[in-house]
Structure formats: C-alpha cells, structure tokens
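Residue numbers (the numbering used here), protein chains in the order written: chain A, 2 to 119; chain B, 2 to 113.
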C-alpha cells in the first residue's frame with residue numbers, strides 16, 4: 002500500500018515552545034491531508050483538513066492559531082503546535098488521500114507523533 | 002454526536018476463534034466503510050474496506066459483512082491469532098467527501 006511518513010515519531014518539549022511535525026506521502030501525491038489527535042485508548046479526532054496551496058479547514062473547537070498547518074506541496078504537510086502546554090500532550094496522526102490512479106480515494110495514515118510537553 | 006457507533010469496546014477471543022466487531026451508522030449518504038487496525042504507538046493501517054453495493058467482502062481471514070437496510074456493518078476475523086491483538090476502528094465516509102468518521106474502537110486481545 003501507499004506510504005505516509007511522519008516525523009518525528011516522538012518529541013518532548015518544554016512548555017511554551019513550538020513543535021513542528023511533518024507528514025509526507027512518499028509514493029503518491031496527496032492534494033488533501035488530514036491531521037488527527039488521539040488520546041490514550043480513544044478514537045481519532047479530526048483536527049483539520051489540509052489542502053495543498055490553500056488554507057487548512059479546522060474542525061470546531063480547534064484553535065487555528067495554536068495548531069498551524071501548512072501544505073506547501075503535494076507530498077508534504079506540516080503541523081506546528083505553537084506555545085505548547087502540557088494539555089497539548091497527545092498522539093498526533095496525519096493521513097493522506099491518494100489522488101493518483103493506483104490507490105485513488107483511499108486514506109493512508111502516518112505512524113503518528115507522540116508529543117509530550119513538560 | 003457519534004456518527005459511527007462501534008461495539009464492543011473490548012473483546013477477548015481464544016486463539017483460533019472468530020472475532021466479531023460491529024458498527025452502525027445513521028447517515029445514508031455514507032458510501033465507503035473501511036476498517037483500520039492500530040497497534041500501540043502506531044498509526045492506523047487500512048485493513049479492508051467495503052462499499053454499499055456489496056453485502057460481503059473477504060480478504061484472507063478478514064471479512065466485512067454489510068447490511069444496508071439495517072445500516073450496520075461488521076468485521077469478522079476468522080482463526081484469530083495472538084498477532085491480531087490490536088485496536089480496530091470502523092469508519093465511514095460520504096460520497097465525494099474527504100473526511101472519515103471513526104468509531105470508538107475495539108480493543109481485541111487474542112489469547113493463546
């Protein structure tokens with residue numbers, strides 16, 4: 002299947018700092034990528050939809066100034082958690098919807114990034 | 002409001018047994034129903050998916066049964082193995098839509 006790479010896989014930072022997480026589609030183009038947040042033993046909660054070359058669409062309750070999303074190319078989206086606080090500690094997962102012929106329409110997920118804010 | 006309801010929350014099955022996880026939805030606009038498998042500390046991986054024009058899809062030991070009139074679908078894992086122990090999520094997506102709505106997850110444990 003298609004591969005989505007997420008980096009870093011885990012990060013520990015001090016409160017007040019900003020953290021950037023990258024999501025790359027390695028073998029397909031993705032005009033749309035999604036960012037999810039997952040708390041322990043819970044389901045995935047969609048945070049925002051990232052569209053290449055345009056502004057992200059945020060779900061209700063998600064602060065767009067805190068969770069900055071950039072989708073600069075067809076294979077890369079980034080999530081920046083600005084001025085992180087302990088309550089932002091979570092597992093962040095990206096996914097990409099393949100727009101190529103081979104696996105068109107399917108959603109593929111990255112391995113996730115565990116953020117711990119001290 | 003939970004768009005996709007999933008049960009049970011946890012499931013323990015003996016090795017070689019059948020694991021069954023059920024999901025239900027309300028939105029008749031949904032036209033794509035995938036199942037994802039997630040191991041601890043990893044992202045979800047697509048396991049199998051079905052569209053409502055078929056009632057069953059089988060891939061190896063994994064089978065999706067789909068009941069359009071009841072708006073229910075289920076995952077059956079035949080000959081369950083300890084390596085199948087993971088959390089399983091059902092999901093649904095509307096036609097032409099981007100977003101997936103996830104169920105709450107089922108933690109499956111297969112005991113040897």
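Glycine included, C-beta positions come from ideal geometry on N, C-alpha and C.
With 16 other Cβ atoms within 10 Å as the buried cut-off, status of residue 47 of chain A: buried
Residue interval of the beta strand (DSSP E) (run including residue 57 of chain B): 57-60 is the span of the beta strand (DSSP E), which, as asked, contains residue 57 of chain B.
Per-residue DSSP class, three states only, for residue 23 of chain A: strand
Residues of the region 95-108 of chain B with Cβ closer than 9 Å to any Cβ of chain A, in chain order: 99, 100, 101, 102, 103, 104, 105, 106 and 108
Residues that residue 62 of chain A contacts on chain B, provided the C-beta gap is smaller than 9 Å: Near residue 62 of chain A there are no residues of chain B at all, since even the closest Cβ is about 14 Å away, more than 9 Å.
Own chain residues within Cβ distance below 6 Å of residue 4 of chain B, not counting five before or after: 102
Beta-carbon spacing of residue 22 of chain B, residue 107 of chain B below 7 Å: In this structure, residue 107 of chain B lies closer than 7 Å to residue 22 of chain B by Cβ.
Backbone CA spacing between residue 98 of chain A and residue 63 of chain A [nearest angstrom]: 21 Å
Helix, strand or coil at residue 95 of chain B [DSSP, three-state]: Residue state, collapsed to three classes: strand.
Distance between beta carbons of residue 74 of chain B and residue 66 of chain B, contact taken as under 8 Å: 7 Å
C-alpha gap between residue 32 of chain A and residue 24 of chain A, whole angstroms: 13 Å
Among A/92, A/22 and A/108, the one whose alpha carbon lies nearest that of residue 1 of chain A: In the structure as shown, chain A begins at 2 and stops at 119. Residue 1 of chain A is therefore absent and cannot be evaluated.
Residue span of the beta strand (DSSP E) that contains residue 65 of chain A, given as start and end: No beta strand (DSSP E) contains residue 65 of chain A, which DSSP labels as neither H nor E.
C-beta neighbour in chain A for residue 4 of chain B, strict 7 Å: no
Closest residue to residue 94 of chain A among A/36, A/57 and A/78 (Cα-Cα distance): A/36
Residue 6 of chain B - containing beta strand (DSSP E), residue span: 5-8
Residue 114 of chain A at chain B interface by Cβ criterion, 7 Å: no
Within-7 Å CB hit, residue 105 of chain A to chain B: Reliability fails at residue 105 of chain A, whose pLDDT of 49 lies under 50, so the model's placement of it is uncertain and no value is given.
Contact set between the region 43-62 of chain A and chain B, restricted to residues whose Cβ is under 7 Å from the partner: Identification of residues in the region 43-62 of chain A having a C-beta nearer than 7 Å to some C-beta of chain B yields 44, 45, 47 and 50, given in sequence order.
Residue 1 of chain B at chain A interface by Cβ criterion, 7 Å: Residue 1 of chain B lies beyond the residue range present for chain B, which begins at 2 and ends at 113; the question has no answer from this structure.
Contact with chain A by residue 53 of chain B, beta-carbon distance below 7 Å: no
Residue 35 of chain B, DSSP secondary structure in three states: In the structure shown, residue 35 of chain B sits in a strand (DSSP, three-state: E or B).
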